[in-house]
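Chemist:
Protein chains in written order, with our numbering: chain Z, 84 to 188; chain Y, 255 to 453.
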């Protein structure tokens, strides 16, 4: 049978994959997708803790509420972030983060 | 849920998550991310979080992925050209991820409460219904469903959301409104020739 540690390990590995994408990829849209993946990995560990720490025989719904709010905020974040990417693409004609170095010089 | 299903869906989630990092074409990345989120939603369902699983599919695999695909096609981004890799940055990134994974495994190896199996913490629906009656929770239909032996997940989420977390829900509503206005302001095309009064 599956233990809590199995879920936490899978969640941590998904987080690590997202982290690798954020650090290694140079396309800003892919970086954004990997950020979403890291948020979802955190959600998985929250739901796993909620299920394994039962309150009166039910899952702890406080944890699932936090997941609900994280998903809502993430959806708002995606909308704003993609709007920023569009504005950036209009100004610079690129989505490659190495080409966006105006603050460096 | 049988453990073989857990391993299948975890493998789907991690495998397609890896494809998101590896593939070069942004459209393939977005589709791989959608499949990865489907596997994640199946894991949510395996944890009796039916509402969260459905929301994951509707919001992430549905709305967010369509938004990503829309932006990729709108900007007409071609597959990335292979550029010369910045080797110290790549080495640093790989080192960071490997260090994180090692730390994760060592923490989990010593995490005793995490070694409980899922059938050692079963859901006790009649006891939950009795506790709800004792605490005077109003919704009788939830108690009836609990006594009938099925988990009314959506009802319980809704009850918690609209009673205990009512204020937070309204704050989130304001946040969504502000985000909507912000998106319109940010993505509006700035026309420098137009008179200020018309903009």
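Think of the CB as a built atom: it goes at the ideal place given N, C-alpha and C, for glycine as much as any other residue. These numbers come from a predicted model, not from an experiment.
Are the Cβ atoms of residue 275/Y and residue 146/Z separated by less than 8 Å?
Modeler: no
Chemist: Can you tell me whether residue 144/Z is buried or exposed, with buried defined as 16 or more other CB within 10 angstroms of its CB?
Modeler: buried
Chemist: Output yes if chain Z places a C-beta closer than 8 Å to the C-beta of residue 433/Y; else output no.
Modeler: Judged by the 8 Å Cβ criterion, residue 433/Y is in contact with chain Z.
Chemist: Where does the unbroken alpha helix (DSSP H) through residue 412/Y begin, and where does it stop?
Modeler: Going by DSSP, residue 412/Y is part of the alpha helix (DSSP H) stretching over 407–417.
Chemist: Chain Z partners of residue 280/Y, CB-CB under 8 Å?
Modeler: In chain order: 110, 112 and 113.
Chemist: In the structure shown, what three-state DSSP assignment does residue 442/Y receive?
Modeler: coil
Chemist: If we cut at 8 Å on Cβ distances, does residue 128/Z have a partner in chain Y?
Modeler: no
Chemist: Using the three-state DSSP reduction, which class does residue 401/Y fall into: helix, strand or coil?
Modeler: Looking at residue 401/Y - three-state DSSP - the assignment turns out to be helix.
Chemist: Using DSSP's beta-bridge definition, name the partner residues of residue 371/Y.
Modeler: According to DSSP, residue pairing for residue 371/Y in a beta bridge involves 86/Z.
Chemist: Just mark residue 280/Y as buried or exposed, buried being the case when its beta carbon has 16 or more other beta carbons within 10 Å.
Modeler: buried
Chemist: Output yes or no for whether 8 Å exceeds the beta carbon distance between residue 288/Y and residue 319/Y.
Modeler: yes
Chemist: DSSP three-state label for residue 420/Y, please.
Modeler: helix
Chemist: On the DSSP letters alone, give me the boundaries of the alpha helix (DSSP H) that residue 154/Z sits inside.
Modeler: For residue 154/Z, the enclosing alpha helix (DSSP H) stretches over residues 144–175.
Chemist: Identify the residues that DSSP records as bridge partners of residue 138/Z: which are they?
Modeler: 141/Z
Chemist: Using only the alpha-carbon positions, how far apart do residue 286/Y and residue 134/Z sit?
Modeler: 28 Å
Chemist: Taking only runs of the alpha helix (DSSP H) that begin and end inside the segment 284–328 of chain Y, which ones reach a length of at least 4 residues, in chain order?
Modeler: 304–309
Chemist: Which residues in chain Z sit within 8 Å of residue 369/Y, going by Cβ to Cβ distance?
Modeler: 86, 87 and 88
Chemist: By a C-beta neighbour count over all protein chains shown, 10 Å radius and 16 as the cutoff for buried, is residue 261/Y buried or exposed?
Modeler: Exposed, by the Cβ-count rule.
Chemist: Nearest chain Z C-beta to residue 360/Y closer than 8 Å, yes or no?
Modeler: no
Chemist: Using a threshold of 8 Å, state whether the C-beta atoms of residue 440/Y and residue 166/Z are closer than that.
Modeler: Yes, they are a contact pair.
Chemist: Is the shortest distance between the beta-carbon of residue 308/Y and the beta-carbons of chain Z less than 8 Å?
Modeler: no
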